[in-house]
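Visitor: Chains as they are written, first to last, in this note's numbering: chain V, 1 to 826; chain Y, 1001 to 1250. Just so it is clear, CB atoms sit at the ideal spot from N, CA and C, and this is done for glycine as well. The structure that follows is given in the form of structure tokens.
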Amino acid sequence: MLRTALAGLRAHRLRLLLTSLAIMLGVGFIAGTFVLNDTVQAGFAQRVTADAGKVGVAVLPAKAEGTIPREVLERVRALPGVTDAQGLIRASAPVLGKDGKAAGNLPTTALSIVRGPLDRTDVVSGTGPGTDDGAAVLDENTAKAQGFRIGDTITVLDPGQGRHSFRLVGLIDTGVDQMLAYTGAVGFTPAVAQRMTGAKGFAEIDVAGTVTKQAVAAATGGSYKVKTGAELADDLARAAGVETKMFTLGLLMFGVVAMMVAALVIYNTFNILVAQRTREMALLRCIGATRGQVFGSIVLESAAVGLLASVLGLLIGYGLAALTLTVLAAFDAPLPTDAGVSLTPVTIGIGLAVGLAVTVCAALLPARSATRVPPIAALRSQPEERTFRAGLVRAGFAALFLVAGLGTTGAGVFVLEPGEASLFVVMAGGALTFLAVLILGPVLVRPLSAVVGWVPRRLFGVPGRLAVDNSGRNPRRAATTTVALTIGVTLMTLITVVTASTRLTMTVKLDEQFPVDYLLAGQERDSVIPRSVAEELRGRPELASVAQIREVEATVAGKRADVGTYSGGIEPYVTAGSMKAFGAGQVALDDVTAERLGARLGDTVTMRTRHAGTVALKVVALLDGNQSSLPPVTVAEQAFESYFGAVPDSRVMVTIADGVPPERARAVVDAAAAPYPTVQVSSSTEVRGQFDETLDMMLMIITGLLGLAILISLLGIANTLSLSVHERTRESALLRALGLTRPQLRRMLSVEALILGLIGALVGVVLGVVFGWAAMRAMVDGALFTAPVAQIVLFVVLSGVAGVLAAVLPARRAARASIVGSLATG
Amino acid sequence: MTLIETRRQAPPAVVATDLTKVYGQGDAEVHALRAVNVSFATGAFTAIMGPSGSGKSTLMHCLAGLDTATSGTVHIGDVELTGLSDRQLTLLRRERIGFIFQAFNLLPTLTAEQNIRLPLDIAARQADEVLFDRVIETVGLRDRLAHRPTELSGGQQQRVAVARALISKPQVIFADEPTGNLDSRSGAEVLSFLRASVRELGQTIVMVTHDPVAASYADRVVFLRDGELVTELAAPTPQSVLDTLVRLEA
Ligand SMILES: Nc1ncnc2c1ncn2[C@@H]1O[C@H](COP(=O)(O)OP(=O)(O)OP(=O)(O)O)[C@@H](O)[C@H]1O
Ligand SMILES: [Mg+2]
Chain V
1 MLRTALAGLR
11 AHRLRLLLTS
21 LAIMLGVGFI
31 AGTFVLNDTV
41 QAGFAQRVTA
51 DAGKVGVAVL
61 PAKAEGTIPR
71 EVLERVRALP
81 GVTDAQGLIR
91 ASAPVLGKDG
101 KAAGNLPTTA
111 LSIVRGPLDR
121 TDVVSGTGPG
131 TDDGAAVLDE
141 NTAKAQGFRI
151 GDTITVLDPG
161 QGRHSFRLVG
171 LIDTGVDQML
181 AYTGAVGFTP
191 AVAQRMTGAK
201 GFAEIDVAGT
211 VTKQAVAAAT
221 GGSYKVKTGA
231 ELADDLARAA
241 GVETKMFTLG
251 LLMFGVVAMM
261 VAALVIYNTF
271 NILVAQRTRE
281 MALLRCIGAT
291 RGQVFGSIVL
301 ESAAVGLLAS
311 VLGLLIGYGL
321 AALTLTVLAA
331 FDAPLPTDAG
341 VSLTPVTIGI
351 GLAVGLAVTV
361 CAALLPARSA
371 TRVPPIAALR
381 SQPEERTFRA
391 GLVRAGFAAL
401 FLVAGLGTTG
411 AGVFVLEPGE
421 ASLFVVMAGG
431 ALTFLAVLIL
441 GPVLVRPLSA
451 VVGWVPRRLF
461 GVPGRLAVDN
471 SGRNPRRAAT
481 TTVALTIGVT
491 LMTLITVVTA
501 STRLTMTVKL
511 DEQFPVDYLL
521 AGQERDSVIP
531 RSVAEELRGR
541 PELASVAQIR
551 EVEATVAGKR
561 ADVGTYSGGI
571 EPYVTAGSMK
581 AFGAGQVALD
591 DVTAERLGAR
601 LGDTVTMRTR
611 HAGTVALKVV
621 ALLDGNQSSL
631 PPVTVAEQAF
641 ESYFGAVPDS
651 RVMVTIADGV
661 PPERARAVVD
671 AAAAPYPTVQ
681 VSSSTEVRGQ
691 FDETLDMMLM
701 IITGLLGLAI
711 LISLLGIANT
721 LSLSVHERTR
731 ESALLRALGL
741 TRPQLRRMLS
751 VEALILGLIG
761 ALVGVVLGVV
771 FGWAAMRAMV
781 DGALFTAPVA
791 QIVLFVVLSG
801 VAGVLAAVLP
811 ARRAARASIV
821 GSLATG
Chain Y
1001 MTLIETRRQA
1011 PPAVVATDLT
1021 KVYGQGDAEV
1031 HALRAVNVSF
1041 ATGAFTAIMG
1051 PSGSGKSTLM
1061 HCLAGLDTAT
1071 SGTVHIGDVE
1081 LTGLSDRQLT
1091 LLRRERIGFI
1101 FQAFNLLPTL
1111 TAEQNIRLPL
1121 DIAARQADEV
1131 LFDRVIETVG
1141 LRDRLAHRPT
1151 ELSGGQQQRV
1161 AVARALISKP
1171 QVIFADEPTG
1181 NLDSRSGAEV
1191 LSFLRASVRE
1201 LGQTIVMVTH
1211 DPVAASYADR
1221 VVFLRDGELV
1231 TELAAPTPQS
1241 VLDTLVRLEA
């Protein structure tokens, strides 16, 4: 039996090639993802091990934001076996760019650069600051972005906004620290770092020497985390790799979709192969093969295909990962790309297991149907056309899934509050509905091909007519083929609808929520804008309105919360109660904060203030936190002042007067903000632009990744078609004998593929639009819906074109076949 | 002038001159046809006979433009097949040639009527409805027109194939063992019908067959052996055909 299986493989080499390609791509993608992840993680590990060697023991604050006071360092230094101990400072100190504004969206992080064996700074050019208090180093990226070179003078703000100048003596690499990569880093001598940040303690104490972790822990008391150098390195590597892991997980989801599509393609291929080999199977049964042997031979065949394809897939994955790393390196991605690219045993294991399992499982049903071939079939001259009847069982199951799917979706959309839970419910509904479509597929194919084929039937004459007939000829086969494409198109449409709707919803929300043209704010949302700025702006005729918001952190009802006030016209979005006659002793809470504090409308909450002791406030209004731009805990302006004193503004919102050109208004606002380096001006168009860019980027990446699933489904179309062409060799020869020209025969097959492609795309578009709408409704309250028609039409057209492209090779083969030879076969 | 006389005067429908077909090369070389000279009269029913492997099918394929000869020429009417491109050959088949094969004559997706009209549809020609009615009447398929091939018996399928070959009024119909798969009664029906179409419609038919009875329906039988035309028989009877065959095989 083994021999027959292998002979079968050899005989269908070409036909199985396309199938293997589907598995190869799927496995390649998954393996590539793993290789990429492994390499990046290895890179992170590599970088931190070098550091770990230097540090014997490290002391860290128990809480992320906390610090370690100096006396702890002194105590550690006094321990026997300690050769060196250094406290590291790490806190914000905004570096000013050449335009005089604080660089970047977040304040730069200042670091103390220690000397001696514990120096972990990676100076890539120039030198460290050494003992020179007038020297500083910058991380490469910030230097590049701001155009600073070694020898330049840079200005850094101290906590009191005072400007200090330093000579840039070197550039450093921030290594695996994702936070530093984000904020940028500036390094000083320890003393200067302390002065520039006003840090009250150290972010970390590094210890060198033979001292044990336990000894250090005992010396520091229980309130700090103490780690060995190796542990520290592990933690750093893990923290750095978290984002890569998330990214890997995301990529794997696409891998799963691709494998799902590949499974459909394989299922179809084996089904067709079994159908075509009915006589062969029957003959085997006639000469004494048992059902089990027939089953086994097909499963064996699929296992061989799966194994071979998976091995090749692993190689593809390796290549893909290497390529991606090269590209990432070329674009200076903040990821270590220099670790050796390697296929780990785990990757190999997973790749082989997934490829093999998917192939064999997909072949199980076809193998079972092969065992159903009666020996008598060997004697029938022509394999009968497998007719398809829509059985009651099928209809019942389909109806069940459809009702369940649509019901679940409806519940997710209409019953549940928008949020994660309802999104999951809608997703489950989508999966059920998809199953219904999968079951109904064979029933739907014929009517759909009649609809879709209406135009080609009229446009392409006899070839068109024959093509339409052929496309609906084997509904089960056509359905599986098209469903593979439907998966990709559904997801593509869904993503497009969701992005377009999100864009629309957010634009409208931004208009409501950001009913201002310019927003002035500090880098850290803290109150840093002198009130004079708003006052100056109020006097300008170019501006229509100027509103201010002030915030401080305070304890409300026993919990920390942002307390603030506002002046100027801001729509508060009151959902309950009223803010009319808002005054002392009253407070408005946004709904989320109210829940957190356990306060309801009419309740009284206590607040500890700076100047007025603890006050009792009556909750007079609840605000819609999604829409309102007021602070979570809002009190009246006068009251705020009496509680917390004259706090500077944290945000100033400005609208342009009618008829004033934006550039002029912008110049006015910029001029007012210019003296305050940390005050950043953003415009609503900028915010919207950034938002749009992010969405576009996301859409592009997701589309690209879904492209793989679509590619595999096209392989499926090509495969089905070439198998059908093979099956219909004699038919084609007959048509050619009767006077169908080669181009007409090719056209016939192209039209058939076109119809398959269009059916798959249409079903996908319908599902995608419906579930895009449902997902939108499930995610965002009051979401607006829009379906980008042009893009969706493009998907349909592209699917058709892709179908036609998939038919090129099979059609060519069919047209090339000799008539006489083809008539003789069978 | 009678119909028969007109036919006598008409030029032959198909003429093959020095037709040679060699398959393979070197040791595997097979001379399927060796300089065959034969012509088929317009309006005549000619049978080609010979032992298995004598080159009957090869001859028919070369005559019908389905296969190209190694050397020699074939004329269908006034058109010479040698040197025609695939497209030209296809158009020629479409316009001038009808086919009836031993099996697998019909497209399974089309009904009997659609199958019959297929050559005209391919050529985008209008059917001669009078002829269509007459053909349908004669082959007795009126109540089967909406059926698909799988719902027809083997004999009915072959009659559909005959009707299809006739409907486009081709210059010549080539039939390769059209009754090979049929029982003698169905075979006789199909053959009578072929002969009737020659007598009544003036159709030219060239038929390859193994069966002396089938050959006896023809006006003339030509005999092939080892790729050579060895003899021919006019006004054949089953017995005379059988005698000739026995002589050939001896
Ligand atoms: N494609 C081919 N390649 C090589 N040899 C061939 C090919 N087709 C036919 N032959 C050979 O050419 C010779 C004539 O074959 P052909 O099919 O014309 O015989 P036939 O008279 O039709 O036989 P049968 O009565 O069995 O149908 C045979 O010897 C055959 O083996
Ligand atoms: Mg033959």
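Could you check how far apart the C-beta atoms of V/L863 and V/V294 are, in whole angstroms? I think they sit under 8 Å.
Guide: With chain V running from 1 to 826 in the structure shown, residue 863 of chain V is simply not present.
Visitor: Can you give me the start and stop residues for the beta strand (DSSP E) that V/A64 sits inside?
Guide: Residue numbering aside, residue 64 of chain V sits at position 64 when the first sequence is read from its first letter. It is not in any beta strand (DSSP E) - V/A64 carries neither H nor E in the DSSP assignment.
Visitor: Should V/R477 and V/T720 be called a contact, given that it needs their Cβ atoms to be closer than 8 Å?
Guide: In the first sequence, counting from the first residue as 1, residue 477 of chain V sits at position 477. In the first sequence, counting from the first residue as 1, residue 720 of chain V sits at position 720. Yes, these two residues count as a Cβ contact at 8 Å.
Visitor: With 16 other CB atoms within 10 Å as the buried threshold, where does V/S532 fall?
Guide: Looking up residue 532 of chain V in the first sequence gives position 532. Classification of V/S532: exposed, given that the 10 Å Cβ count is below 16.
Visitor: Is it true that the segment 548-568 of chain V meets the segment 605-615 of chain V, where meeting means three or more beta-carbon pairs spaced less than 8 Å apart?
Guide: Yes, the segment 548-568 of chain V is in contact with the segment 605-615 of chain V.
Visitor: For V/T359, tell me which candidate among V/H726, V/M24, V/D51 has the shortest Cα-Cα distance.
Guide: Residue numbering aside, residue 359 of chain V sits at position 359 when the first sequence is read from its first letter. The shortest C-alpha separation from V/T359 is found at V/M24.
Visitor: For V/D338, which residues from the same chain have a beta carbon less than 7 Å from its beta carbon, with the 5 sequence-adjacent residues on both sides left out?
Guide: Working through the first sequence from its first residue, we reach residue 338 of chain V at position 338. The answer, listed in chain order, is G43.
Visitor: Of all the options V/G130, V/V751, V/L767, V/K101, which has the alpha carbon lying nearest to the alpha carbon of V/Y676?
Guide: Residue 676 of chain V sits at position 676 when you count from the first residue of the first sequence. It is V/K101.
Visitor: For Y/P1119, would you say it is in contact with chain V, using Cβ-to-Cβ distances shorter than 8 Å as the test?
Guide: Residue mapping note: residue 1119 of chain Y aligns to position 119 of the second sequence, counting from 1. Interface residue, yes.
Visitor: With 7 Å as the C-beta to C-beta threshold (strictly closer), list the residues of the segment 1065-1076 of chain Y near chain V in chain order.
Guide: If the cut-off is 7 Å between Cβ atoms, the segment 1065-1076 of chain Y has L1066, D1067 near chain V.
Visitor: What is the residue span of the alpha helix (DSSP H) that Y/S1186 lies within?
Guide: The count along the second sequence starts at 1 and reaches residue 1186 of chain Y at position 186. Counting along the chain, the alpha helix (DSSP H) containing Y/S1186 begins and ends at 1184-1201.
Visitor: Per DSSP, Y/Y1023 is paired with what?
Guide: Counted from its first residue, the second sequence places residue 1023 of chain Y at position 23. For Y/Y1023, which the question treats as bridged, DSSP gives the partners Y/V1030.
Visitor: At the 8 Å Cβ level, is V/G739 part of the contact set with chain Y, yes or no?
Guide: As a working note, residue 739 of chain V is residue 739 in the first sequence. Judged by the 8 Å Cβ criterion, V/G739 is in contact with chain Y.
Visitor: Quick check: what's the CA-CA separation for V/A304 versus V/F401?
Guide: Taking the first sequence and counting its residues from 1, one reaches residue 304 of chain V at position 304. Taking the first sequence and counting its residues from 1, one reaches residue 401 of chain V at position 401. Near 35 Å, if we compare the C-alpha coordinates of V/F401 and V/A304.
Visitor: Report yes or no: do the segment 61-68 of chain V and the segment 337-353 of chain V share at least 3 C-beta pairs separated by less than 8 Å?
Guide: Verdict: no, contact absent.
Visitor: V/V76 and V/V261 - do their beta-carbons sit closer together than 8 Å?
Guide: Numbered from its first residue, the first sequence carries residue 261 of chain V at position 261. Numbered from its first residue, the first sequence carries residue 76 of chain V at position 76. No.
Visitor: Which of helix, strand or coil does DSSP assign to V/V828?
Guide: Given that chain V is displayed from residue 1 to residue 826, the structure contains no residue 828 of chain V and the question cannot be resolved.
Visitor: Report yes if the C-beta of Y/S1057 is less than 7 Å from at least one heavy atom of ligand 2; otherwise report no.
Guide: Here residue 1057 of chain Y refers to the residue found at position 57 of the second sequence. Result yes, Cβ under 7 Å from ligand 2.
Visitor: Near V/P374, what residues of its chain come up, given a Cβ to Cβ distance below 8 Å and the 5 sequence neighbours on each side ignored?
Guide: Counting from 1 along the first sequence, the entry for residue 374 of chain V is found at position 374. Closer than 8 Å at Cβ, skipping near neighbours: A282, R285.
Visitor: Could you give the uninterrupted runs of the beta strand (DSSP E) lying entirely in the segment 196-283 of chain V, keeping only those of 3 residues or more?
Guide: Taking only runs of at least 3 residues, the beta strand (DSSP E) segments lying wholly in the segment 196-283 of chain V are 204-209, 224-228.
Visitor: Buried or exposed for Y/N1037, going by 16 or more other Cβ atoms inside 10 Å?
Guide: On the second sequence, position 37 is the one that residue 1037 of chain Y refers to. Exposed: under 16 other Cβ atoms inside 10 Å.
Visitor: With a cut-off of 8 Å, does the C-beta of V/R812 fall near any C-beta of chain Y?
Guide: Counted from its first residue, the first sequence places residue 812 of chain V at position 812. With 8 Å as the cut-off, V/R812 does not count as an interface residue toward chain Y.
Visitor: Between which two residues does the alpha helix (DSSP H) holding V/E74 run?
Guide: The residue labelled residue 74 of chain V in the question sits at position 74 within the first sequence. 70-77 is the span of the alpha helix (DSSP H), which, as asked, contains V/E74.
Visitor: Please give the ranges of any alpha helix (DSSP H) in the segment 455-481 of chain V, keeping only runs that are unbroken, at least 4 residues long and fully inside the region.
Guide: Here the runs fully enclosed are 461-471.
Visitor: Alpha carbon to alpha carbon, how far is Y/T1138 from Y/F1193?
Guide: Looking up residue 1138 of chain Y in the second sequence gives position 138. Looking up residue 1193 of chain Y in the second sequence gives position 193. Rounded to whole angstroms, Y/T1138 to Y/F1193 spans 7 Å at the Cα level.
Visitor: Name, in chain order, the residues that DSSP records as bridge partners for V/T555.
Guide: By 1-based counting over the first sequence, the position of residue 555 of chain V is 555. Beta-bridge pairing links V/T555 to V/R560, V/R608.
Visitor: Is V/E727 close to chain Y, meaning its C-beta is less than 8 Å from at least one C-beta of that chain?
Guide: In the first sequence, the residue the question calls residue 727 of chain V occupies position 727. No - not a single Cβ of chain Y is within 8 Å of the one on V/E727.
Visitor: Under 7 Å Cβ to Cβ from V/A599, same chain only, skipping five residues before and after it: list those, please.
Guide: Here residue 599 of chain V corresponds to residue number 599 of the first sequence, with the count starting at 1. So the list reads A557, L589, V605, V619, once near-sequence residues are dropped.
Visitor: Taking Cβ positions, are Y/M1060 and Y/V1241 nearer each other than 8 Å?
Guide: In the second sequence, counting from the first residue as 1, residue 1060 of chain Y sits at position 60. In the second sequence, counting from the first residue as 1, residue 1241 of chain Y sits at position 241. No; because the gap between Cβ atoms is not below 8 Å, this pair is not in contact.
Visitor: What do you get for V/Q548, buried or exposed, if any count of 16 or more other CB atoms within 10 angstroms of its CB means buried?
Guide: If you number the first sequence from 1, residue 548 of chain V lands on position 548. So V/Q548 ends up on the buried side.
Visitor: From Y/P1119, Y/A1041, Y/V1015, Y/L1106, pick the residue whose C-alpha is nearest to that of Y/V1079; which is it?
Guide: Counted from its first residue, the second sequence places residue 1079 of chain Y at position 79. When each option's Cα is compared against that of Y/V1079, the closest is Y/V1015.
Visitor: In whole angstroms, what separates the C-alpha of V/A398 from that of Y/A1028?
Guide: Reading the first sequence from its first residue, position 398 is the one you call residue 398 of chain V. Reading the second sequence from its first residue, position 28 is the one you call residue 1028 of chain Y. The alpha-carbon atoms of V/A398 and Y/A1028 are separated by roughly 59 Å.
Visitor: Within the 8 Å Cβ cut-off, does Y/A1123 reach chain V?
Guide: As a working mapping, residue 1123 of chain Y is identified with position 123 in the second sequence. Y/A1123 counts as touching chain V.
Visitor: Roughly how many angstroms separate the alpha carbons of V/S302 and V/V489, rounded to a whole number?
Guide: Looking up residue 302 of chain V in the first sequence gives position 302. Looking up residue 489 of chain V in the first sequence gives position 489. C-alpha separation (whole angstroms): 28 Å.
Visitor: Per DSSP, V/L623 forms a beta bridge with which residues?
Guide: As a first step, residue 623 of chain V is located in the first sequence; it is residue number 623 there, counting from the start. Note: V/L623 sits in a beta bridge opposite V/V574, V/D590.
Visitor: State yes or no: is the C-beta of Y/A1032 nearer than 7 Å to some heavy atom of ligand 1?
Guide: Along the second sequence, one-based indexing puts residue 1032 of chain Y at 32. It does: the Cβ of Y/A1032 is within 7 Å (strictly closer) of some heavy atom of ligand 1.
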